[in-house]
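The structure appears below as structure tokens.
Protein chains: 2
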Amino acid sequence: MDTSVSSRRAANSGLKGLRPLRRGGAAGGRLHDEIYAALRQALIVGELIPGQVFPIRTLAERFGTSLIPVRDALKRLVAERALLMLPNRTVCIPKMTRARFQELLQVRLSLETKLAHRASELIRQEDILELESINESMQAAARKGNVKAYLVANHAFHFRLYSVTNSLVMLPIVESLWMQVGPFLNGVFTAAGTKNAHDNHEQILKALRRRDPVAVADAVSSDLVDAADVILARKDFMFDED
Amino acid sequence: MDTSVSSRRAANSGLKGLRPLRRGGAAGGRLHDEIYAALRQALIVGELIPGQVFPIRTLAERFGTSLIPVRDALKRLVAERALLMLPNRTVCIPKMTRARFQELLQVRLSLETKLAHRASELIRQEDILELESINESMQAAARKGNVKAYLVANHAFHFRLYSVTNSLVMLPIVESLWMQVGPFLNGVFTAAGTKNAHDNHEQILKALRRRDPVAVADAVSSDLVDAADVILARKDFMFDED
DNA sequence: CGCTAGCTGTTGTTATAACAGATACACGAA
DNA sequence: TTCGTGTATCTGTTATAACAACAGCTAGCG
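Sequence lines, in order, name chains A and B.
Residues in the first sequence are numbered from 40 upward in steps of one, following my numbering.
Residues in the second sequence are numbered from 40 upward in steps of one, following my numbering.
Quick look at the structure:
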């Protein structure tokens with residue numbers, strides 16, 4: 040990988056979207072949690088691109104804190120496999136390979152269909168109403184071409200569904216998987232790619248209303264596969280092979 | 040949970056097995072990595088029991104370091120779900136519930152059979168020889184009733200098999216799952232519980248030699264299920280229900 | 001005697017500064 | 001021109017100390 044100063048500057052330019060923390064808020068708020076949340080959100084909506092480097096001091100300056108909380112947040116994200124620690128101990132967003140992408144999809148299919156199946160057995164009417172509301176806002180974002188809002192809503196839809204399982208084991212794993220895929224969505228989802236997602240979400244909702252776990256799981260599966268196909272179709276040339 | 044001083048002292052007594060780090064070794068060694076490795080090993084072999092509390096300063100004193108590297112190691116283990124952060128931000132080993140145990144087993148079955156299947160397609164002769172060697176030492180440990188060595192060898196056997204897949208996605212997840220189950224093995228595996236594991240490992244090796252991925256996956260599945268049955272049979276009364 | 005206020009010791013959190021390793025760049029010699 | 005070397009500066013790591021939140025205990029008051 041190119042590690043010259045100029046390329047590192049270029050890689051760091053993507054940090055501009057990160058805003059300083061508003062301090063003095065509610066007491067007891069840990070700084071590293073806020074920094075973690077900010078980075079995590081940026082990861083999931085594809086604002087940070089693979090190869091991006093995160094020097095601790097740069098981020099500390101950006102957030103207006105000392106090194107420690109930034110370090111904590113980065114190390115947590117590394118532990119969750121959302122970020123990668125290079126041999127020189129600098130953190131960056133891992134690049135994507137075909138093998139990793141396919142493995143991520145395989146594991147997501149396995150776990151998320153399980154979660155969807157179990158969720159549809161436990162779901163209540165109010166949960167479905169909330170999912171419909173989230174789906175509305177996702178569709179609205181798609182119509183306006185607001186990719187960021189679209190991805191936020193899509194994430195919210197899936198995890199609102201999965202969270203009715205109260206799973207303490209699978210949920211954290213799936214969240215980690217989404218963070219690993221997120222950066223690779225950068226610049227992928229134009230209006231074209233949102234059509235299938237909308238149809239699949241409608242199928243999910245329909246199957247949920249009639250409490251059909253198998254159909255819910257199938258629809259979730261289709262949703263993931265279709266999204267992967269969109270990415271593969273547009274980004275087939277963008278993988279970094281080892 | 041009881042949080043009186045006396046019970047906390049009792050919970051901390053389990054830390055005695057942790058030894059100070061031998062400093063001044065190879066340069067470039069990060070202290071928090073060594074602390075992490077020590078805790079991780081203790082977790083996997085069941086030396087640390089559920090409910091165990093880890094005050095940073097106590098561990099720092101035990102390891103002979105300052106607070107920072109201990110904090111790093113603990114936060115990493117929390118991120119990997121091996122440890123749990125209590126509301127007061129103290130770190131402890133999570134207690135086990137039936138639901139969590141069953142979910143852990145389900146996910147492990149799903150992922151580890153996949154890994155076993157893929158491994159048996161890629162495995163080389165030298166890998167099999169090494170697995171046989173590990174299996175030998177496991178059997179020896181079982182005969183001597185050395186539970187700790189037995190669990191170490193069992194862990195080594197499984198991950199030596201899985202690692203031939205070079206999986207960057209599933210392997211870290213499965214390691215996390217083993218760390219979550221480890222503490223619950225405390226005091227479970229007497230000589231009685233090791234018989235099935237030995238048979239299953241022999242089945243795995245036999246299937247590997249004839250390159251039969253399905254049979255390998257099945258044997259791994261049986262291994263996990265049998266181990267779970269041993270735990271359920273002996274510990275059915277020891278679950279902490281929420 | 002009971003209750004509340006304040007002290008005390010505990011916990012994790014963060015800032016600052018000193019440290020160590022790695023890298024890039026510039027200067028000088030072949 | 002090219003190669004080697006030293007220095008400046010960048011990186012993450014760790015120690016120390018100050019900080020804040022919390023629980024338990026004790027003393028004093030009602």
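Quick reminder that beta carbons are idealized off the backbone N, C-alpha and C, glycines included.
Quick caveat, the model's predicted, so the values are computed rather than measured.
Comparing C-alpha distances from Q80/A to each of F278/A, L190/A, G226/A shows the shortest one belongs to L190/A. Spanning the alpha carbons of H71/B and A99/B requires a straight line of approximately 11 Å. Following the DSSP letters along the chain, one finds V117/A inside the alpha helix (DSSP H) bounded by residues 106 to 118. Taking all protein chains in view, the Cβ of A192/B is crowded by 16 or more other Cβ atoms within 10 Å, so the residue is classified as buried. D268/B is outside the set of residues whose beta carbon lies under 8 Å from a beta carbon in chain A.
DSSP links L123/A through a beta bridge to C131/A.
DSSP, read as helix, strand or coil, puts F102/A in helix. The straight-line gap separating the alpha-carbon atoms of K187/A and P222/A is approximately 12 Å. Taken atom to atom, the span from the alpha-carbon of L200/A to that of L161/B is near 37 Å. Per DSSP, F196/B is one residue of the alpha helix (DSSP H) stretching across 186 to 201.
A contact between stretches requires three or more CB pairs, one per stretch, nearer than 8 Å, and the segment 139 to 151 of chain A fails this requirement with the segment 166 to 181 of chain A.
Judged by beta-carbon spacing, L113/B lies beyond the 8 Å limit of I88/B, meaning their Cβ atoms are not closer than that value. The continuous alpha helix (DSSP H) containing M218/B extends over residues 209 to 220.
Short of 8 Å from the beta carbon of A267/A, and not among the five residues preceding or following it, lie these beta carbons of its own chain, in chain order: F140, L144. Between the C-alpha atoms of I107/B and Q164/A there is a straight-line separation of about 48 Å. Of the candidates V84/B, F198/B, E86/B, A118/B, the residue whose Cα lies closest to the Cα of H240/B is F198/B. With respect to the 8 Å criterion, E280/B and V213/B are not classified as neighbours on the basis of their beta carbons.
Around R163/B, no beta-carbon contact reaches into chain A at under 9 Å, the shortest distance being about 19 Å. The alpha-carbon of N225/A is positioned some 29 Å away from that of S206/A. With a threshold of 8 Å between beta carbons, P211/B makes contact with chain A. Contact annotation: V259/B and L247/B have beta-carbon atoms that are not nearer than 8 Å. Closer than 8 Å to the CB of K234/A there is not a single CB belonging to chain B.
Assignment of beta-bridge partners to F93/A by DSSP yields V130/A.
Residue Y75/A holds the alpha-carbon nearest to the alpha-carbon of A118/B among Y75/A, D251/A, T233/A. With respect to the 8 Å criterion, M135/A and F278/A are classified as neighbours on the basis of their beta carbons.
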